[in-house]
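The sequence shown begins at 885 in the working numbering and counts up one residue at a time.
Ideal placement from N, C-alpha and C gives every residue a C-beta, glycine not left out.
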Amino acid sequence: MAAKAGRYRIGVDLGGTKLAVGVVDSGGKIVGEAVTYDHKGLGEEEVLRRIERNVDDALAAAGVARSDVKGVGVLFPGHIRWPEGVTLTSSNLAGFKGFPLRERTEALLGIPCLADNDANAQTLGEFRYGAGVGIDPMVFVTVSTGIGGGIIIDGKPYRGFTGTAGEFGHMIVDASGGQRCTCGNEGCLMGAASGLAIPEAARRTADKLAAAGSCADLPAGCEDYSALDGALLASGCADGNELCRAVVEEFARYLGIGMYNIFQMLNPGAVVLGGGLLNLPEFFFETAVATCYALAGGMMYDRMEIKRGLLGVRAGVLGAASLFEA
Ligand SMILES: [Zn+2]
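Next comes the structure, spelled out in structure tokens:
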């Protein structure tokens, strides 16, 4: 097969534990992939070598040469300067403070490189290839261990003055609820309704249920609040566990408040939701949507769509590759 020069892009999804590299064709299809879990705790240079190894493995799987690649997009799990691609901080990787990730990756591979924050890149992926196609402005919110997001305006990520726009996890949704966020503030969406927030939310909810004389037992297979996660919440809800159901309902209401705030600030055509907590039972999504629409009421003239993302685990690789136009 004779590939045209520059026909492919590479997406590098550099996560805290997973390193996924995909070769993406001009239609947004992943034609070769290499996924590993062996870079956690390593220094920057070792991580770079693993990126190069996975790039070569993904190219081999796709039958594509480096010379057929127009660009490599790297998705970084933390703050990073755009367009310089110099990392600022990451709570998921060792080191990477002030590291020139874009420049070093480009030099190592000999292919033009761009590097962006993971949520920004995923937002672009959903806009180009997923649930956000044809919708502009569009907002993406990922609800997972933490909460992140991104904004598309006029076909491009809106980054704000210093690049931190779209940090929806630190939007305050309940200033008096007592939930502490990783940033130190009280009542951020991430402190109120994310994977990190589950144990504290369960403890608080259990106290309320017990005070009301309701059953506040942990779900089957869970011995301690600190072990409660999204999967256990989901199975607990399926078993009719009251505590799990109450926590999921509370999370959904906070997410609905967050989306309402996004509506008021940006009036996007759609909010696309992604991340692991979207695997919670359907009433999580439905309650969040209903909460947002109820708050907006007559102020929402044309309905802002609220949709699930379509890319799932491919959002990272496709999003990173999207940093270069097809
Ligand atoms: Zn916060």
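Original post:
Does ligand 1 have even one heavy atom less than 6 Å from the beta-carbon of asparagine 976?
Top reply: Residue numbering aside, residue 976 sits at position 92 when the sequence shown is read from its first letter. Every heavy atom of ligand 1 is 6 Å or more from the Cβ of asparagine 976, so no.
Original post:
Closest to glutamate 1133 by CA distance: which of Gly1016, Thr1175, Ala1100 and Ser1098 is it?
Top reply: The count along the sequence shown starts at 1 and reaches residue 1133 at position 249. Nearest of Gly1016, Thr1175, Ala1100 and Ser1098 to glutamate 1133, Cα basis: Thr1175.
Subject >> Beta-bridge partners of alanine 999, as assigned by DSSP >> reply: For the purposes of this step, residue 999 is taken as residue 115 along the sequence shown, with counting starting at 1. Beta-bridge pairing links alanine 999 to Val958.
Subject >> Cβ contact (3+ pairs, closer than 8 Å) linking the region 1052 to 1070 and the region 1095 to 1112 >> reply: no
**OP:** Going by CA-CA distance only, name the one from Ile1082, Ile1190 and Gly1105 that's closest to glycine 1140.
**Re:** Within the sequence shown, residue 1140 is the residue found at index 256, counting from 1. Ranking the options by Cα distance to glycine 1140, first place goes to Ile1190.
Original post:
Exposed or buried, tyrosine 1138, counting other C-beta atoms within 10 Å across all chains shown (16 or more means buried)?
Top reply: Start at 1 with the first residue of the sequence shown, and residue 1138 comes out as number 254. The residue in question, tyrosine 1138, is buried, as its Cβ has 16 or more Cβ neighbours within 10 Å.
Subject >> Reduced DSSP category for aspartate 897 - H, G, I as helix; E, B as strand; rest coil >> reply: Walking along the sequence shown from the start, residue 897 turns up at place 13. Here aspartate 897 sits in strand by DSSP.
Original post:
Closest by CA to alanine 1049, which one among Leu1150, Leu977, Lys1092 and Asn1069?
Top reply: Counted from its first residue, the sequence shown places residue 1049 at position 165. Per the Cα distances, Leu1150.
Original post:
Using the rule of at least 16 other Cβ atoms within 10 Å of the residue's Cβ for burial, across every protein chain shown, is aspartate 897 buried or exposed?
Top reply: As a first step, residue 897 is located in the sequence shown; it is residue number 13 there, counting from the start. Under this definition aspartate 897 is a buried residue.
**OP:** Give, in chain order, every unbroken run of the alpha helix (DSSP H) that is at least 4 residues long and sits entirely within the region 1032 to 1102.
**Re:** 1073 to 1076 and 1082 to 1095
**OP:** May I have all residues whose beta carbon comes closer than 5 Å to any heavy atom of ligand 2, sorted in chain order?
**Re:** What this structure holds is ligand 1, not ligand 2.
Subject >> Endpoints, the alpha helix (DSSP H) within which alanine 991 is located >> reply: For the purposes of this step, residue 991 is identified with residue 107 of the sequence shown, where counting begins at 1. Segment 985 to 993, the alpha helix (DSSP H) holding alanine 991.
Subject >> Contact under 7 Å by Cβ, histidine 923 with leucine 943 >> reply: Within the sequence shown, residue 923 is the residue found at index 39, counting from 1. Within the sequence shown, residue 943 is the residue found at index 59, counting from 1. Contact flag unset, no.
Subject >> Span separating the alpha-carbon of valine 948 from that of serine 910 >> reply: Taking the first residue of the sequence shown as position 1, residue 948 is located at position 64. Taking the first residue of the sequence shown as position 1, residue 910 is located at position 26. Distance between the alpha carbons of valine 948 and serine 910 is about 13 Å.
Original post:
Is it the case that the Cβ atoms of isoleucine 964 and alanine 999 are separated by a distance below 7 Å?
Top reply: Taking the first residue of the sequence shown as 1, we reach residue 964 at position 80. Taking the first residue of the sequence shown as 1, we reach residue 999 at position 115. Yes, Cβ-Cβ distance for isoleucine 964 and alanine 999 is below 7 Å.
Original post:
Going by beta carbon distance, what residues of the same chain come within less than 7 Å of glycine 1075, once the five residues before and after it are set aside?
Top reply: The sequence position of residue 1075 within the sequence shown is 191, counting from 1. Around glycine 1075: Gln1063, Arg1064, Cys1065 and Ala1081.
Original post:
Are tyrosine 921 and valine 907 close, meaning C-beta to C-beta below 7 Å?
Top reply: Within the sequence shown, the letter at position 37 stands for residue 921. Within the sequence shown, the letter at position 23 stands for residue 907. No, Cβ-Cβ distance for tyrosine 921 and valine 907 is not below 7 Å.
Original post:
Is it buried or exposed for phenylalanine 1147, if we count other Cβ within 10 angstroms and need 16 for buried?
Top reply: To locate residue 1147, count along the sequence shown from 1; it is residue 263. Under this definition phenylalanine 1147 is a buried residue.
**OP:** Consult DSSP for alanine 1172 and reduce its assignment to one of helix, strand or coil.
**Re:** Here the question's residue 1172 lines up with position 288 in the sequence shown. The answer is helix: DSSP assigns alanine 1172 an H, G or I state.
**OP:** Kindly identify the DSSP beta-bridge partner or partners of phenylalanine 1024.
**Re:** Within the sequence shown, numbered from 1, the residue matching residue 1024 stands at position 140. Per DSSP, Gly1034 and Val1156.
Subject >> Entirely enclosed alpha helix (DSSP H) segments - the region 1115 to 1166, minimum 4 residues >> reply: 1126 to 1150
**OP:** Could I get the ranges of all uninterrupted alpha helix (DSSP H) runs contained in the region 1171 to 1205, with 4 residues as the minimum, in chain order?
**Re:** Segments of the alpha helix (DSSP H) lying fully in the region 1171 to 1205: 1199 to 1205.
Original post:
What residue from Thr1046, Glu936 and Asn1069 has the CA that sits closest to isoleucine 1056's CA?
Top reply: As a first step, residue 1056 is located in the sequence shown; it is residue number 172 there, counting from the start. The candidate whose alpha carbon is nearest that of isoleucine 1056 is Asn1069.
Original post:
So, helix, strand or coil for glycine 1009, using DSSP?
Top reply: Residue 1009 sits at position 125 when you count from the first residue of the sequence shown. Reduced to three states, the DSSP call for glycine 1009 is helix.
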